[in-house]
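Below is one structure, written out as structure tokens, with a few remarks after it.
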Amino acid sequence: MFQTIIIAGNLGRDPEMRYTPSGQAVTSFNVATNRNYTDSNGQQVKETIWFRVSVWGKQAESTHNYLKKGSKVIVEGRLIADPASGGPRIFKRSDGSSGASFEINASTVRFLSSRTEGNEPAAGGEDLETGSSVEDDLPF
Numbered sequence: 003m004f005q006t007i008i009i010a011g012n013l014g015r016d017p018e019m020r021y022t023p024s025g026q027a028v029t030s031f032n033v034a035t036n037r038n039y040t041d042s043n044g045q046q047v048k049e050t051i052w053f054r055v056s057v058w059g060k061q062a063e064s065t066h067n068y069l070k071k072g073s074k075v076i077v078e079g080r081l082i083a084d085p086a087s088g089g090p091r092i093f094k095r096s097d098g099s100s101g102a103s104f105e106i107n108a109s110t111v112r113f114l115s116s117r118t119e120g121n122e123p124a125a126g127g128e129d130l131e132t133g134s135s136v137e138d139d140l141p142f
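Just so you know, the sequence shown maps onto residues 3 to 142 in the working numbering.
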């Protein structure tokens with residue numbers, strides 16, 4: 003059996019790197035993916051889904067060194083289910099509404115932003131595709 007997921011989006015904050023007790027690097031970051039569409043009533047709908055991404059080894063070090071908040075990436079990897087529910091991690095937002103985040107163990111991270119874009123966050127923390135604030139829906 004085989005599973006893989008591929009997402010493209012923007013980093014919601016700078017990546018965080020740490021080392022396991024055995025000395026292996028692991029970098030964690032979150033990616034927002036956006037979908038805009040018109041519903042059956044003619045209303046514009048903006049849908050944002052957050053993914054928590056972990057990347058290991060040399061690629062973890064590169065990711066930590068070159069990506070910043072707002073960087074565009076393509077991530078390929080496998081979904082990690084929440085052990086308690088078998089699905090995404092469920093949480094409550096500050097406004098009381100429910101949300102979910104999905105976790106990915108990355109096998110490949112492709113950098114889509116140029117070096118200058120990757121070293122400078124998007125203006126005002128805005129999503130590079132829609133211009134909306136990335137931190138508004140940040141679940142973690």
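Note that beta-carbon positions come from the ideal geometry of N, C-alpha and C, so glycine has one too. Just so you know, these numbers come straight off a predicted model, no measurement behind them.
With contacts defined as CB atoms closer than 7 Å, VAL77 and THR65 fail to qualify as a contacting pair.
For LYS94, DSSP records a beta bridge to SER100. Fewer than three beta-carbon pairs drawn from the segment 5-22 and the segment 87-100 are found closer than 8 Å, and the two stretches are therefore not classed as touching.
ASN32 carries a strand assignment under DSSP once its states are collapsed to helix, strand and coil.
Beta-carbon to beta-carbon, LYS70 and LEU13 are separated by about 7 Å, close enough to satisfy the 8 Å threshold. Cα atoms of ASP84 and ALA102: separation of roughly 11 Å, rounded to the nearest angstrom. The beta carbon of PHE31 lies closer than 6 Å to those of LEU13, PRO17 and VAL55 in the same chain, with the five residues before and after it left out. In this structure, ILE7 sits near LEU81, with a CB-CB distance shorter than 7 Å.
From the listed residues GLU105, ALA62, SER115 and LYS94, the smallest Cα separation to GLY72 is found for SER115. Residue environment analysis places LYS60 among the exposed positions, since fewer than 16 neighbouring C-beta atoms fall within 10 angstroms of its C-beta.
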